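Residue numbers (numbering that gives the first Met the number 0): 0 to 625.
Built from N, CA and C at the ideal position, the CB exists for glycine as well.
Predicted model, so just to flag it, every value in this text is computed and none were measured.
Data block below; observations after.
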Amino acid sequence: MFFLKAATILILKKSQGEMWLKLKSFKTSIILYFSLLICASLTLLGTISYQTFSSFTEKEMVKNTTSITDQVNQSLDLYLNEIKDSLHFLAIDQNLITMLQDSVSEEAGFESTQDRTRISVLLNNIFSEKSDIRGYFIYNQDYSKQYINSARSIDFQSPFLKQVWQDFKETPYALQTKFYGAHKPDYYDNYDKKADSNNVITIAANIKDAYDPSNPNLYGVAVFDYNINKLNHIFESTQTQLGIESFILDKEKQFVYQTDSDLRLDEVELDQLFHNSAGYWTQMIEGQKMLVVYSTSAVTGWKTVNLLPFTHLDKNLSVIRNTTLLLLAIMIAVTIVLASVITIRASQPILKLVNFMKKVGTGNLNIRVERQTEYEEIMVLNRGVNDMLDKIKELIDDSINRQLLQKEAEYNALQAKMNPHFLYNTLQSISSLSILGRNEDIELVTHSLRELLQYSLYHMNEMVQIKDELHAVENYLHIQNIRYNGRIQYDIQADEHVLSFPVNKFVLQPIIENSIYHGLESKEGAWLISLVIKEEADDIHIMIRDNGIGIKPDKLGSIRQELALMGVRSGRIGLSSIADRLALRFTSKARLTVESEPGNGTTVRLIIPKPQPKEGIQENAIDLAD
């Protein structure tokens, strides 16, 4: 059928449109999902890496701070242990013990200059190279005696010295050492509270007869005042490098040393330092997250504590986070670009096929897609599309050929039907005219019949010029008018320049015949038929109107429904056959419509496209006027 081609093209257009949407979604989906997958993977990798590195960095910070704390503690222990050993060396000196025994004996009522000099020389030999010493001396609280290396004197009534003497008074053994935290050395006679603001750390050792354990007498206490500036020097490097705040606590939880005098810990935090010899934890101190690392001195038993703000770690993590985000952004951008490039490249064969299907959708079934491609699947798809188009074209051509054969058969049947029936009626009219002696009418009928038969038999082409079709209509009306005694009044109007345009043969005569037999024959009064042919824009409009009895609405609806089903009828001759023949010749551009009202006649309109210049019909070699 003719409209199978049109339907096929519409299906191809729809399929092509749907295919385009799916392919577009397919390409976009691949880019989107591929990008999302890579982005999610990179983000997950970046997050895990950041968390892992953060944890590693925090552990390293704890490790480094712990190491620093241990190093500081070891440095202090090494220095203090050296002082302690020196004091022990002093405390076991037999000459010193003898001198002290003599100085406190009942025979010696005062400290001899000779003893004083010897003790001073001994002390000077031990401590002269120690630049961090504030002062050192040996004293006996009970006898208010002192042995020092300078002209300084001490205040035996100082609460601190009384406490130190009392601590060692109860000590039963020799070689005992005690450490005292930071305090003011106010027992020196030259101490100035305003000018001398530095604290000292005191290391004291008892002097007893180490060679006679049974001797309980305490002959003196050696005191070493350690300048606290030494601690400042030790802690200064760590505080400058890492921003660490440090302090030292003695066994009584008293601050021995602080880098920040305003820093305070509550009682719970201080107690926690004495649960173990070393450790760490994190907590908020003065509104700031701190890492607390502590260690215990093996020499003094004091706690060395370092506080490291997490702001230092946060700065490093911020750099790492920003670097990670920047790298992620770059990698994501590169991934999206690569995904797009790869997807577009991979989808190029499909897009070519889409563009090809768009061309097919316009009705061009003669093109073929290139079968050779680098992708095996696309090659199979292209081969299948080409095979499908070959089959569709074959089916369409076969359908058109069958339709042409069918319409030719219908056309031949129309001619065969017209000839016997029409000839019978015409011959009967001639016989009647002969009986009546109307020779002129017989001559007119015979001439019109001869030209009509000549048009039917010798015009072998399906397409004729409009003027030839109009001439056949006039001959037909002449014959019918003789038969109906001149009741038919007709008016034929045609633009001069349309007379040479092509039209299907016998496309107007059947409509005139229907007007006479189905519209006018049952009507009383004048019979009017009007045929107008004119050019409008790119079309030729043909209108055939009669003033017959018209068509009932139900019958008119049936006719219109049948006309709407072009190409699906068979074996029918009439308006539907004319419509099919026009469609076969002029495709969907040709239209046939019927308008009618009962009692008001019927109007049939034909609209066919104007032919291109090369489509003109050659003049028939037979002269119809002869």
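Nearest to Gly219 by C-alpha distance, out of Ser576, Asn189 and Ala173, is Ala173. DSSP places Lys351 in the helix class (H, G or I) of the three-state scheme. Under the three-state reduction of DSSP, Ser157 is assigned to coil, being neither helix nor strand. With 16 or more neighbouring CB atoms inside 10 Å of its own CB, Tyr179 falls in the buried class.
Excluding five sequence positions before and after Ser521, the CB atoms of its chain that fall closer than 6 Å to its own CB belong to Ile548, given in chain order. Contact annotation: Ser447 and Asn474 have beta-carbon atoms nearer than 8 Å. As a beta-bridge residue in DSSP terms, His540 pairs with Lys533 and Ile606. DSSP places His182 inside the beta strand (DSSP E), whose first and last residues are Thr176 to His182. When rounded, the separation of the alpha-carbon atoms in Gln282 and Leu248 is 19 Å. Shortest Cα-Cα distance from Asn80 to any of Ala203, Met60, Val353 and Arg449 involves Ala203.
Between the C-alpha atoms of Arg320 and Phe309 there is a straight-line separation of about 15 Å.
Taking a cut-off of 8 Å on C-beta distances, the region 330–349 does not touch the region 281–301, as fewer than three cross pairs fall below it. Segment contact: the region 384–392 against the region 350–369, three or more CB-CB distances shorter than 8 Å; contact assigned.
Residue range Pro552 to Ala563 is occupied by the alpha helix (DSSP H) that includes Leu555, with no beta strand (DSSP E) assigned at that position. Annotation: the continuous beta strand (DSSP E) that includes Ala277 extends over Ala277 to Ile284.
In this structure Val163 does not touch His182 by the C-beta definition: roughly 11 Å separates them, more than the 8 Å allowed. For the pair of segments examined, the region 41–51 was found not to touch the region 265–278: the number of CB pairs separated by less than 8 Å stays below three. CA-CA distance, Lys252 to His87, rounds to 27 Å. Pairing Leu443 with His470 gives a Cβ-Cβ distance that is not under 8 Å. With respect to the C-alpha of Pro552, the residue from Phe167, Glu468, Ile515 and Glu596 having the closest C-alpha is Glu596. Ranked by Cα distance from Asp208, the first of Tyr293, Asp92, Lys83 and Lys314 is Asp92. In this structure, the CA atom of Leu581 is about 17 Å from the CA atom of Asp467. About 5 Å separates the Cβ atoms of Tyr256 and Leu230, confirming a contact at the 8 Å cut-off. A straight line joining the alpha-carbon of Phe246 with that of Phe33 spans about 57 Å.
Counting every other CB atom within 10 Å of its CB across the protein chains shown gives Asp224 a total of 16 or more, marking it as buried. With a 10 Å radius around the Cβ and a threshold of 16 neighbouring Cβ atoms, Pro348 comes out buried. Leaving aside the five residues that flank Lys192 on each side, the residues in its chain whose CB is nearer than 8 Å to its CB run, in chain order, Lys183 and Asp185. In the three-state DSSP reduction, Ala493 falls in the strand class (E or B). Looking at Gly598, Asp538 and Thr602, the one whose alpha-carbon comes closest to that of Arg559 is Thr602. Bounds of the beta strand (DSSP E) holding Ser245 are Glu244 to Leu248. Per DSSP, the beta bridge partners of Asn305 are Ser245 and Val292. DSSP, read as helix, strand or coil, puts Ala338 in helix. Of all alpha-carbon atoms in Asn546, Leu456, Asp537 and Glu534, the one lying nearest the alpha-carbon of Asp490 is that of Asn546. Rounded to whole angstroms, the separation of the alpha carbons of Asn513 and Ile391 is 39 Å. Boundaries of the alpha helix (DSSP H) harbouring Asn94: Gln93 to Ser102, taken from the DSSP string.
Per the DSSP secondary-structure output, Glu594 pairs in a beta bridge with Thr602.
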